[in-house]
Amino acid sequence: MGKKGKKEKKGRGAEKTAAKMEKKVSKRSRKEEEDLEALIAHFQTLDAKKTQVTETPCPPPSPRLNASLSAHPEKDELILFGGEYFNGQKTFMYNELYIYSIRKGTWTKVDIPGPPPRRCAHQAVVVPQGGGQLWIFGGEFASPDGEQFYHYKDLWVLHLATKTWEQIRDYIYYSDVYTFSLDTFLWSKLSPSGPGPTPRSGCLMAVTPQGSIAIYGGYSKQRVKKDVDKGTQHSDMFLLKPEDGGEDKWTWTRVNPSGVKPTVRSGFSVAVAPNHQILVFGGVCDEEEEEHLEGSFFNDLYIYDAAKSRWFAAQLKGPKSEKKRRRRGKADDPEGATEEETGGTSAPEPLEVIKEVVSEDGTVITIKQVLTPSGLGVQPPPKADDSASEASSTGQEPCPRSSAMLAVKHGLLYVYGGMFEAGDRQVTLSDLYCLDLHKMEEWKTLVEMDPKSQEWLEESDSEEDSSSDEEGAEGGDEDQEEDSSEDSAEEGADPQHPEVAHGEQYEEYLSRTEQHWLKLARNHVGPDAKEKKVLRVAQAMAKACFDDAVPDIAQAKH
């Protein structure tokens, strides 16, 4: 009896301990949420000091992701709002508003009194009513250390004609389907019949020409065992169709479109073309292996034709001037023309190019591109014009990325920013590209960005003081510190690498020096890394060394 009584007493003690712990965690969670609300209120106090609208010409916005990029309904402008940026130590949140002039290729920062609080991952839509309106719903606010999160459920409208913000009401967010009336400013809950999509985030949601709502893909997690969650990247598709003759009556229908479907991914970007075709760009496919997570990023473009219920993989034709030059070369001298001038005697296969760049801190940045034969030629020089269609024509397409911002105006698809990962490093982009959806020839670069130039701070074991955390959450380029001279000195201490011989091609150089680079790569990635990753890093290091040496050799010859 004595032993049994002790066991029961011990069991009750464990239950009490668990209950106390749960109560403590719940109390701490409430405290963290209160701290975030206080921080948000502090930032709103700072925003309240803005009493008039100011428009300031400025350089391109700082790097960010999970912002919104919307096309002005009446003007040749793109509207960028909010977003976030993480530099390895701090998370920066934004509620800045930028206007990009498509014709002039210039940015303007617009400060408007009473804006929504700083946020990212919100929903944005533009409508033509009242001279144009930008609607903002929900989103997320993160603490400077990135450990705490606050989710908004508010609704805002920016009146573009008068440049005024207005908060409509505060709503409870559910996973159900709602409609919002632009006439009465009222929400209505829908109760569709039929089995619909499972709960998810980051899915495609767009209107079809037939008046249905298309839902595609997304991401969700489920508990597979204690303390272990498994992520699911969805690739299913549904249509929410209005019923004939029934007002506010809708039906879910699962569809299986034909054609070339996008590979499984999440974090892709969505826009609607003028012909109501749905565009899907980029994204990431995460591969989970126990505690290891590695993502493959994309820069491909897919088109969904709702009228045909068919997916298409977008194929670029290449610049017209290059095709004409090749045809003229064949007609003028079909026998004496070189293979380079005529484009070869047979149609070349698509070329997969893997660009891997080693930054100053040793981080390997991998960029994969699949170039079609028509896109491999020399690009024509840009004309002296300020329109986006005559922008820099370098033939360089956007690098693979997720969480980019997409907008369509005058038949041009614009891609801005986003992010990709290189090891433990997150590279946030601020470049801007456009693609003529009618010609489908090539991407044009409007704003360039060198990923190697972005600052990345490794996480510190010591905790940051509260004042620096508060400054970090406010955002802005002035809050980002420069690397110390000691770090620069350490980065410069590279070992002696094999020299590139005169006239030596990269493949020859790699074959001759491969063992050297494999040894360095193993030291860089660690002994537990897979051989495939070691080889990839070794090749990236060798390519970087080869590219740096080739210009020096060419200069020495002259």
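The opening position of the sequence shown corresponds to residue 1 in full-length UniProt numbering, with each subsequent residue numbered one higher. C-beta: ideal position from N, C-alpha, C; glycine also.
Proximal residues to V126 (C-beta, below 6 Å), its chain only, five neighbours per side dropped: Cβ neighbours of V126 within its own chain (closer than 6 Å, five residues either side excluded): S70, P73, L134.
Residues sharing a beta bridge with P57, DSSP: Beta-bridge annotation (DSSP): P57 is paired with T108.
Rounded straight-line distance, which links the Cα of K533 to that of L412: Between L412 and K533, the C-alpha separation is close to 38 Å.
Classification of G503 by the beta-carbon crowding that lies within 10 angstroms, buried from 16 upward: So G503 ends up on the exposed side.
Which of helix, strand or coil DSSP assigns to Q539: In the structure shown, Q539 sits in a helix (DSSP, three-state: H, G or I).
Limits of the unbroken beta strand (DSSP E) element including S62: Here S62 belongs to no beta strand (DSSP E), and DSSP marks it neither H nor E.
C-alpha distance - M93 paired with E288, whole-angstrom precision: If you take the alpha carbons of M93 and E288, they lie about 28 Å apart.
Start-end ranges of the beta strand (DSSP E) lying completely within the segment 235-299, minimum 3 residues: List check, beta strand (DSSP E) in window: 250-255, 269-272, 278-289.
For K452, the three-state DSSP class (helix, strand or coil): Reduced to three states, the DSSP call for K452 is helix.
Three-state secondary structure assigned by DSSP to L435: Looking at L435 - three-state DSSP - the assignment turns out to be strand.
Contact between the segment 43-57 and the segment 72-89 (3+ Cβ pairs under 8 Å): Cβ pair count under 8 Å is below three, so no.
Beta-carbon contacts of Y98 that lie in its chain and below 6 Å, excluding the five residues immediately before and after: Once the five neighbours on either side are set aside, the close Cβ partners of Y98 are P61, L80, W107, K109.
Neighbourhood of R254 by C-beta distance below 6 Å, restricted to the same chain and skipping five residues each side: Around R254: F238.
Among I112, S309, P63, C58, the one whose alpha carbon lies nearest that of I215: From the listed residues I112, S309, P63, C58, the smallest Cα separation to I215 is found for S309.
Burial state of D548 (16 or more Cβ within 10 Å): Classification of D548: exposed, given that the 10 Å Cβ count is below 16.
Identity of the residues DSSP links to W135 by a beta bridge: Under DSSP, W135 takes part in a beta bridge, and its partners are V125, V157.
Nearest-angstrom Cβ-Cβ length linking P209 and A306, presumed shorter than 8 Å: So it is a contact: roughly 6 Å between Cβ atoms.
Delimiting residues of the beta strand (DSSP E) encompassing S101: Here the beta strand (DSSP E) through S101 covers 91-101.
R200 in three-state terms, based on DSSP: Here R200 carries a coil assignment [DSSP, helix/strand/coil].
Beta-carbon spacing of C120, E84 below 7 Å: Contact check for C120 against E84 passes: the beta carbons are separated by less than 7 Å.
CA-to-CA distance, P498 to T513, given in whole angstroms: About 7 Å.
S181, DSSP secondary structure in three states: Three-state result, S181: coil.
Cα-Cα separation between K452 and Q167, rounded to whole angstroms: Straight-line spacing of the CA atoms in K452 and Q167 works out to 40 Å.
Sequence-distant residues of its chain with Cβ nearer than 7 Å to A407 (five each side left out): Apart from the 5 residues on each side of it in sequence, A407 sits with its Cβ closer than 7 Å to the Cβ of L69, S70, A71, L78, A271, Y414 in its chain, given in chain order.
Classification of W187 by the beta-carbon crowding that lies within 10 angstroms, buried from 16 upward: Counting of Cβ neighbours within 10 angstroms places W187 among the exposed residues, the total staying below 16.
Residue range of the unbroken beta strand (DSSP E) whose run includes G82: That run of the beta strand (DSSP E) goes 77-86.
Residues sharing a beta bridge with M405, DSSP: Partner(s): Y416.
Beta-carbon proximity check, S201 vs G217, cutoff 7 Å: Against a cut-off of 7 Å, the Cβ pair of G217 and S201 comes out as no contact.
Alpha-carbon to alpha-carbon, Q396 and V447: Spanning the two alpha carbons is a distance of roughly 12 Å.
L429 (DSSP reduced to helix, strand or coil): Strand, per DSSP.
Cβ pair W165, P242 closer than 7 Å: The answer is no: Cβ separation not under 7 Å.
Residues near F268 in its chain [Cβ-Cβ closer than 6 Å; skip 5 each side]: Hits under 6 Å: V280, G282, G283.
Cβ-Cβ separation, K221 to residue 606 (assumed contact under 8 Å), whole Å: The requested residue 606 does not occur in the structure, where the chain is confined to residues 1 to 558.
Neighbourhood of residue 646 by C-beta distance below 6 Å, restricted to the same chain and skipping five residues each side: Given that the chain is displayed from residue 1 to residue 558, the structure contains no residue 646 and the question cannot be resolved.
In DSSP terms, what G231 is bridged to: According to DSSP, which records beta bridges pairwise, G231 is partnered with K221.
6 Å Cβ shell around F203 - same chain, five flanking residues per side excluded: Strictly speaking, residue 203 in this sequence is Cys, with Phe absent from that position. So the list reads I215, G217, G218, once near-sequence residues are dropped.
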